[in-house]
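Take the sequence shown: its letter number 4 is residue 4 in the numbering used here, and every next letter is one higher.
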Amino acid sequence: MPMDDCKKCLPYTEHSPDTSAKRTDAPGGSSSAPTPKRQRSQTEPVYIDLTTSSEAGGQPQAASGHQPQVDPGSSANPSQMSIEHQVERLIEGYIKGVPRQVYGKKGKYYVVWNGLKCGIFTNWPEVQGSVKGFSGQGFKDGIIHTSTKEFDHAVALLRNGLKQKLEMHNAAHRPQQSLREQPQATHQRTPQHTPAASNSAAANPVATTAVAGEPQSGKLEPVPDPREPPLCKEQQGAMDLAMAGHNLFITGSGGCGKSVLVKALQNSFKASRKTVHLIAPTGLAALNINGRTAFNYAGWVPDNMRKTFDFIKKKSRGDRIFKRFRITDVLIIDEISMVENRFFQRLGDIMRHVRGISAKPRPGEVQVREEDQIKGDVGGAFGGVQIIVVGDFCQLPPVRPFQHCTDCEREMARDKSETTTLYSCPRGHQNFQDNDKWAFKSVEWKRCRFKYVHLKMIHRQKDEEFVGILQKCRLGKILDKSDITTLLEHCTEVENGTRLYSLRYQVDARNAAELRRLPGKSINYRCLDGYKPETYDVDDRFDPTISMFTIPESASNFLKDHRYASRLELKINMPVILLANLDLVAKLCNGSQGIIRDFWPRVKLDPPAEPQGHNYEGDPEGYRRAMERYRQTKYFLEASNAPVMFPEVEFSDGTRRVIGPDCTVNEIGDKGPRFYSMLSRVQIPLAPGWAMTIHKSQGMTLDRVIVDLGSVFEKGQAYVAMSRARSLKGLKIENTTRDGLQQGLQLDPEVRDFMEKLDGIGKAE
1 MPMDDCKKCL
11 PYTEHSPDTS
21 AKRTDAPGGS
31 SSAPTPKRQR
41 SQTEPVYIDL
51 TTSSEAGGQP
61 QAASGHQPQV
71 DPGSSANPSQ
81 MSIEHQVERL
91 IEGYIKGVPR
101 QVYGKKGKYY
111 VVWNGLKCGI
121 FTNWPEVQGS
131 VKGFSGQGFK
141 DGIIHTSTKE
151 FDHAVALLRN
161 GLKQKLEMHN
171 AAHRPQQSLR
181 EQPQATHQRT
191 PQHTPAASNS
201 AAANPVATTA
211 VAGEPQSGKL
221 EPVPDPREPP
231 LCKEQQGAMD
241 LAMAGHNLFI
251 TGSGGCGKSV
261 LVKALQNSFK
271 ASRKTVHLIA
281 PTGLAALNIN
291 GRTAFNYAGW
301 VPDNMRKTFD
311 FIKKKSRGDR
321 IFKRFRITDV
331 LIIDEISMVE
341 NRFFQRLGDI
351 MRHVRGISAK
361 PRPGEVQVRE
371 EDQIKGDVGG
381 AFGGVQIIVV
391 GDFCQLPPVR
401 PFQHCTDCER
411 EMARDKSETT
421 TLYSCPRGHQ
431 NFQDNDKWAF
441 KSVEWKRCRF
451 KYVHLKMIHR
461 QKDEEFVGIL
471 QKCRLGKILD
481 KSDITTLLEH
491 CTEVENGTRL
501 YSLRYQVDAR
511 NAAELRRLPG
521 KSINYRCLDG
531 YKPETYDVDD
541 RFDPTISMFT
551 IPESASNFLK
561 DHRYASRLEL
571 KINMPVILLA
581 NLDLVAKLCN
591 GSQGIIRDFW
601 PRVKLDPPAE
611 PQGHNYEGDP
621 EGYRRAMERY
631 RQTKYFLEAS
641 NAPVMFPEVE
651 FSDGTRRVIG
661 PDCTVNEIGD
671 KGPRFYSMLS
681 RVQIPLAPGW
691 AMTIHKSQGM
701 TLDRVIVDLG
711 SVFEKGQAYV
721 AMSRARSLKG
731 LKIENTTRDG
741 LQQGLQLDPE
751 VRDFMEKLDG
761 IGKAE
């Protein structure tokens, strides 16, 4: 172990369930539990020529000459069948002869949906021969094959890939229509036609939602999906504006159908052969819309927000991010209220830079003259990408805005007064007030020239009285005495409901109390903290008299607020929340909920893979962080007092996964990019799930919820918490008074002014 690191890894309480069953390893330190049997030799899989079967109109032929077994009722001409039925017929043939389990640390399934042979394989050389010479054009992120450890997951990936291929094939062979023949109807949603997969399958990979390729002369007309609610009139109006090419700001109360509209927009843009990306500020919000985090889309990590614009500009020149920015046609940003001013501005600046729009980026700029704010046309905003932002500024604000000066990378000083908080660079570069944090205060917002769409029909709650009260709460209006009585004194049905608190320590206390009530033995996990100081600077060399085993006080304070617990106690049948984005394809992301079903030995976890330098060309800091993650995780697993059992979690969609350790690495210091120290923590990325913070609940709909308003500290928190409830009887409010309830429903004055101005514009139009 290197001497320049501080490490803590304490013992835990043993628990020894039956571990006789063999296990299948899963990527990223996670694995699934197979039945205990030896792997048999694999029979030759049946392969089907996808395009031939689609064109010929007969039964799909296997490459080996054998007919796959299909449903007798599915013998209709494929041109008259839905894509879903065609895909299911193909999959029946592709999975013949494929073993349902793979064993060993290197065992995995290789999934190919565009190649000489499509299907599910278990050896890489066969895949290499199959995909050689085949292009990923038109497929999501240009990918035509991938791998996984689980059979059900492999089937789901194949299903999604085949669906893409058939959609592109059908579009390419659809007869062109004249302008007279083209329908003039309004745009309807395009469904995600994903047949029901097994519980452990993730039917749609959560990554890019783009469909690339050459534009078609005939438009793919969306087909309604009976599993999704139809768009109401005002949602359809927003759809029409979006399909006409306008930049939109779509807002409305909780439960007004914003997420439904986002999914419909995504599918309609895909049907129009547009490359569309859905992003959100948090992993949980991204999961709700089948998108990705804003940081992931930009190729950034949170620490990049302290870096200079020149650093961000250089980082954007990597092939992957550069191509992503260049081919994006539409960018949809959900939960816009939580997107900080400078993040929105920087993303717009960097996309304009990459896409070569003439309007030059202005690093660090927040306020300019009015004539400069409206200079240029919509093409300058985000480099000409169509921008649709969705969310409610009456809800949660950006978390911890203006942390660092983006000119010198130093931490901003904070001066809190009775009315606001002032943020200032210690070197005088930048100064902000707290009300500057909103995205609508940025210059880029003005460049976008959004059309304003206010959704007013509420779909989550059906009780008109409850809906009316929530509308007053959202806008910070004075509640009538009868309104307050209704909220605080109505009959409730909230047994076993989730408790929402504003503070993390309250959540921890509640979860600890519930844990004590749960029978059974516990397993305790102690975190591993590491501190890797930079040992030199050109002007200020590292002082060797400082103990290598002492974490500086500033770093220790940072660890106190870490999302991973220093000590984690887990039991079987305990509800948990996942705290890391482990597998976005399987929808296992920050905020996923599940229940611990068992514990399994560490020998079945995949060892961490050492980062390869060639994958980090032009990003030495990224490689340095990745190496630190690898080194710390490896030590956590191999130390003499390391845990030997790891939890298997069954998530809400039925997916089961053994959760291994995760390592977070943060750069600290003010000496410049090459001289940051690195602070790390390794821990099992789980938290108890009996209670959660209000921030974590945003976007959720809960049948039974108990809201604790005793310590709300942020405007919008009380409204967000109460509006999670599907009904009044499923809501109970605790730890507040009649006066306290009204006080907790105040609206940020800046947001009120902004919304009133927009409502005035909307009425004028």
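Just so you know, even glycine gets a beta-carbon here, dropped at the ideal spot from N, CA and C.
All figures in this text were calculated on a predicted structure; none of them were measured in a lab.
- GLU638 is the residue among ILE144, GLY594, ARG597 and GLU638 whose C-alpha sits nearest the C-alpha of LEU605.
- Taking C-beta atoms as the reference points, TYR501 and ASP708 count as a pair closer than 8 Å.
- Within the same chain, Cβ atoms closer than 6 Å to the Cβ of ARG427 are found at CYS408, the five residues on either side in sequence being excluded.
- Within the region 470-546, the complete alpha helix (DSSP H) runs of at least 4 residues fall at 481-489 and 504-517.
- Within the same chain, Cβ atoms closer than 7 Å to the Cβ of LYS472 are found at LEU479 and ASP483, the five residues on either side in sequence being excluded.
- Distance from the CA atom of GLN433 to the CA atom of GLY476, rounded to whole angstroms, is 22 Å.
- Residue pairing by DSSP places ILE458 opposite no residue, since no beta bridge is assigned to it.
- Excluding sequence positions up to five before and after THR146, its CB lies within less than 7 Å of the CB of VAL111 and LEU157, all in the same chain and listed in chain order.
- Residue environment for ARG317: exposed (fewer than 16 other C-beta atoms within 10 angstroms of its C-beta).
- Among the bridge pairs identified by DSSP, LYS732 is matched with ILE706.
- In this structure the region 601-617 does not touch the region 579-590; the number of beta carbon pairs closer than 8 Å is below three.
- Looking at the backbone, the Cα of ASN511 and that of PRO575 are separated by about 10 Å.
- A contact is defined here as three or more CB-CB pairs under 8 Å, and the region 653-663 fails this definition with respect to the region 688-702.
- Ranked by Cα distance from LEU261, the options LEU162, ILE350, TRP300 and ILE388 are led by ILE388.
- By the CB criterion at 8 Å, LEU331 and ILE250 fall outside the cutoff.
- Under the rule that a run must span 3 or more residues, the beta strand (DSSP E) segments found entirely inside the region 284-354 read 330-333.
- If you check the CB distance, LYS451 and LEU248 come in under 8 Å.
- Residue pairing from DSSP places LYS416 in a beta bridge opposite THR421.
- SER680 is bridged by DSSP to GLY530 and VAL665.
- Within the DSSP bridge table, the entry for THR146 names VAL111 as partners.
- The count of Cβ pairs closer than 8 Å, one atom from the region 729-742 and one from the region 382-397, stays below three, leaving the stretches out of contact.
- DSSP, reduced to helix, strand and coil, places ASP152 within a helical segment of the structure shown.
- Taking 8 Å as the upper bound for CB-CB distance, VAL494 and VAL682 are not in contact here, some 37 Å apart.
- From the listed residues ASP303, GLY356 and LEU559, the smallest Cα separation to ARG410 is found for ASP303.
- Under the three-state reduction of DSSP, LYS263 is assigned to helix.
- Contact check for LYS437 against PHE402 passes: the beta carbons are separated by less than 8 Å.
- Taking the Cα positions, TYR635 is about 10 Å away from ASN641.
- Cβ contact annotation for LEU515 (same chain, cutoff 7 Å, sequence separation greater than five): GLU569, LYS571, MET574 and PRO688, in chain order.
- With contacts defined as CB atoms closer than 8 Å, PHE393 and ARG355 fail to qualify as a contacting pair.
- The beta-carbon separation of GLU464 and GLN345, rounded to 41 Å, does not stay under the 8 Å limit for a contact.
- Minimum Cα-Cα distance from MET412 among the listed residues THR420, GLU418 and HIS429 corresponds to HIS429.
- Exposed is the label assigned to SER417, since fewer than 16 other Cβ atoms lie within 10 Å of its Cβ.
- LYS446 and GLN506 have their alpha carbons spaced roughly 40 Å apart.
- Shown here for MET338: same chain residues with a beta carbon closer than 6 Å to its own, the five before and five after excluded, namely PRO281, LEU396 and PRO398 in chain order.
- Taking 8 Å as the upper bound for CB-CB distance, THR406 and ARG342 are in contact here, some 7 Å apart.
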